Structure formats: structure tokens, C-alpha cells
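S.K.: Quick note: the sequence shown uses the numbering used here, first residue 44, plus one each step.
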Amino acid sequence: MRRIFQQNIIFLCLCCLFFYFGNLLVGETEAKFSSQVNEEPFEISAAIVFPSTIKQLEDSAEEIAKSMKETYQTTLSAVPGETLDELQVQLSQITASGQELYIQLDNLHRVYQEMSAYKNKIQDKDQFEYVHKGFQTVEDLRNEVQASIDFSKLEAIRTIFLLKIEEVEIKNKQVIENGEETLEGSE
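1. Does the distance from the CB of Lys164 to the CB of Ile91 come in under 7 Å?
2. Look at the alpha carbon of Phe62 and the alpha carbon of Phe93, and state the distance between them as a whole number of angstroms.
3. Could you say which of Gln179, Asp102, Asp128 and Ser140 lies nearest to Ser120 if we only look at CA atoms?
4. Cα separation between Glu212 and Glu106?
5. For Val181 versus Tyr155, is the C-beta distance shorter than 7 Å?
6. So, using beta-carbon positions, are Leu197 and Thr118 closer together than 7 Å?
7. Should Arg185 go down as buried or exposed, given a rule of 16 or more other Cβ atoms within 10 Å for buried?
8. Ignoring anything shorter than 3 residues, give me the beta strand (DSSP E) runs that lie fully in the region 94-162, in order along the chain.
9. Check whether the region 121-128 touches the region 142-151, taking contact to mean three or more Cβ pairs, one atom from each stretch, closer than 8 Å.
10. Where does Ser195 fall in DSSP's three states?
11. What is the C-beta distance between Met158 and Phe171, in whole angstroms, given that I count them as a contact (C-beta under 8 Å)?
12. Which whole-angstrom value describes the C-beta separation of Gln151 and Ala190, a residue pair presumed to lie in contact below a C-beta threshold of 8 Å?
13. Are Ala108 and Val188 close, meaning C-beta to C-beta below 7 Å?
14. Is the beta carbon of Leu134 less than 7 Å from the beta carbon of Phe194?
15. Can you tell me whether DSSP reads Val181 as helix, strand or coil?
16. With a 10 Å radius around its C-beta and 16 neighbouring C-beta atoms as the bar for buried, classify Met111 as buried or exposed.
17. Specify, as a first and last residue, the run of the alpha helix (DSSP H) that Ile52 falls within.
18. Report the option in Ile137, Glu209 and Gln116 whose CA atom is closest to the CA atom of Ile192.
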């Protein structure tokens, strides 16, 4: 057993000497890159607008257009009430609906202008195709809303309600006057 131990020690010593002399013979080595590519500065830029922003603007425009159409249809289908109070409430609702439609139209124009600004900033049309599709969608919605909503019809409905209110007020005055005459005649 002693002999095996001595042989192992001798073997380890020979390995160490072999690695030491091998290192002295070879010396230091250096590695070089063989590629001759010139180092040129490159530019990294962020996107002007992200697809999620465009999608959000499209959704906003669709929501505004839908709300405008619903408000417009509700206003057009208004039927004048019979009493003065009903007519005045309906008139105030029609007036509020008209104002709401103007505000929503203004909001739709703002969305359109924002999409137009993004579209105008883009030089590479192919790379940002989603911007052009979104712009086209918003432009179509805007044109559809402008074609379908007639503010002169809303004003005509408002005028009809005003005339109906005047008519009911005149009838109420006549009833009051007739009531006073009958009271005086019965005395």
C-alpha cells in the first residue's frame, strides 16, 4: 500500500512539472478578431406612437360616434307632451342633447386631429401601417357622423317644442280667463 501511495505522489508531481514546462514553452497567447468591420455610430430611436395608443384612439372615436348616434336618434324620436311641465322638461332635454352633441363632435374632431398629427409625423409609411389604418377608421367615423347628424333638424324639433309650449300657455290663459268669466256670470 505504501508503494501505491508513492506511485500516486510521483504521478502528481510529474503532471505538475509537465504543465509547468508546457506553459513555459508555449508562453502567452493573444486572440484577435478577424473581422474588418468599421465601427460606425448607429441611432436608436423610439416609436413615435405605439399600436396601443392608436387602438385607444380608435376605440374612443367609435364610442363617441356611437353615443352621438344614440343621442341624435333619441332626440329625433321625442314626442311632445300634453302639459306645460312635460313640454318644458322635454325642451330642456332637447337643448341639453344638442349641447352634448356639439361637445361630442368637438371631442371627435380632437381625436381626428391627434390621429392626423401622428400620421403626419411618420416618414416610413410601411413600417407604421397601423397608424394609417387607425387614421382611416377615425376619418370614416367622423365623416359618417357629420353626414348622419343634422343639427338643423335638432333646431327644428326645438322650435316645434317652443311653439307647442306657447300654444299650451295660450290655452291655459284662455281657460283661466273663461273660468273667471263664468265665476263672474254666476254671481
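From the three backbone atoms N, C-alpha and C, an ideal C-beta is built for every residue, glycine too. Predicted, not measured: the structure shown is a model, and the values here were computed from it.
M.R.: From the atom records:
1. Your numbering for residue 164 matches position 121 in the sequence shown. Your numbering for residue 91 matches position 48 in the sequence shown. Yes.
2. Position 19 of the sequence shown holds residue 62. Position 50 of the sequence shown holds residue 93. The alpha-carbon separation between Phe62 and Phe93 amounts to approximately 60 Å.
3. Here residue 120 corresponds to residue number 77 of the sequence shown, with the count starting at 1. Out of Gln179, Asp102, Asp128 and Ser140, Ser140 has the C-alpha closest to the C-alpha of Ser120.
4. Along the sequence shown, one-based indexing puts residue 212 at 169. Along the sequence shown, one-based indexing puts residue 106 at 63. Just so you know, the alpha carbons of Glu212 and Glu106 end up roughly 40 Å apart.
5. For the purposes of this step, residue 181 is taken as the residue at position 138 of the sequence shown. For the purposes of this step, residue 155 is taken as the residue at position 112 of the sequence shown. Going by C-beta atoms, Val181 is nearer than 7 Å to Tyr155.
6. Along the sequence shown, one-based indexing puts residue 197 at 154. Along the sequence shown, one-based indexing puts residue 118 at 75. Yes, the pair counts as a contact, with Cβ atoms nearer than the cut-off.
7. Walking along the sequence shown from the start, residue 185 turns up at place 142. Buried, because 16 or more other Cβ atoms sit within 10 Å of the Cβ of Arg185.
8. Segments of the beta strand (DSSP E) lying fully in the region 94-162: there are none.
9. As far as the Cβ criterion goes, the region 121-128 does not touch the region 142-151, which means the pair count is below three.
10. By 1-based counting over the sequence shown, the position of residue 195 is 152. The answer is helix: DSSP assigns Ser195 an H, G or I state.
11. The residue labelled residue 158 in the question sits at position 115 within the sequence shown. The residue labelled residue 171 in the question sits at position 128 within the sequence shown. So it is not a contact: roughly 12 Å between Cβ atoms.
12. By one-based count along the sequence shown, residue 151 stands at place 108. By one-based count along the sequence shown, residue 190 stands at place 147. Checking the sequence shown, residue 151 turns out to be Leu, not Gln. That belief does not hold up - the Cβ atoms of Leu151 and Ala190 are roughly 13 Å apart, past 8 Å.
13. Within the sequence shown, residue 108 is the residue found at index 65, counting from 1. Within the sequence shown, residue 188 is the residue found at index 145, counting from 1. Yes, they are a contact pair.
14. As a position in the sequence shown, residue 134 is number 91, starting the count at 1. As a position in the sequence shown, residue 194 is number 151, starting the count at 1. No. Outside cutoff.
15. Counting from one through the sequence shown, the residue named residue 181 turns up at place 138. Three-state DSSP puts Val181 in a helix.
16. Working through the sequence shown from its first residue, we reach residue 111 at position 68. Buried is the call here.
17. Counted from its first residue, the sequence shown places residue 52 at position 9. It spans Arg45 to Val69 - the alpha helix (DSSP H) in which Ile52 sits, taken as one unbroken run.
18. In the sequence shown, residue 192 corresponds to position 149, counting from 1. Selected option, being the one with the closest Cα: Gln116.
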